[in-house]
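Notes follow the structure.
Numbering (my numbering), first residue to last: 71 to 172.
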């Protein structure tokens, strides 16, 4: 393996390109997950976002390689864009707060 045996992983499930499934199986039923389950310390699920608003705002932020704090500090973004990013940040950070590695 390319990673030390003591390395733990945080899996990010992002439904942006569609449902996360293979042959009708969800991620947690997949062989890759089951073979490495002991090394997965957390699964973070990026919520399915409304493509025209939340999804676009998050995609724009990520394409510009900005952090949430950097994007939220930009006065050039509309107040609604910043509010949507704040909501997405809160949803993700709540999951991270519950992750065993943090």
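Backbone N, C-alpha and C define an ideal beta-carbon position, used for all residues, glycine too.
These figures come from a predicted structure and were not determined experimentally.
Query: Exposure label - residue 127; buried when at least 16 CB within 10 Å; Result: buried
Query: Touch test, the stretch 110-118 against the stretch 136-156, Cβ-Cβ under 8 Å, three pairs minimum; Result: no
Query: Boundaries (first-last residue) of the beta strand (DSSP E) holding residue 83; Result: 79-83
Query: Pick from 141, 80 and 159 that is closest to residue 108, judged by C-alpha positions; Result: 80
Query: Nearest to residue 169 (by Cα), restricted to the options 130, 78, 141 and 152; Result: 78
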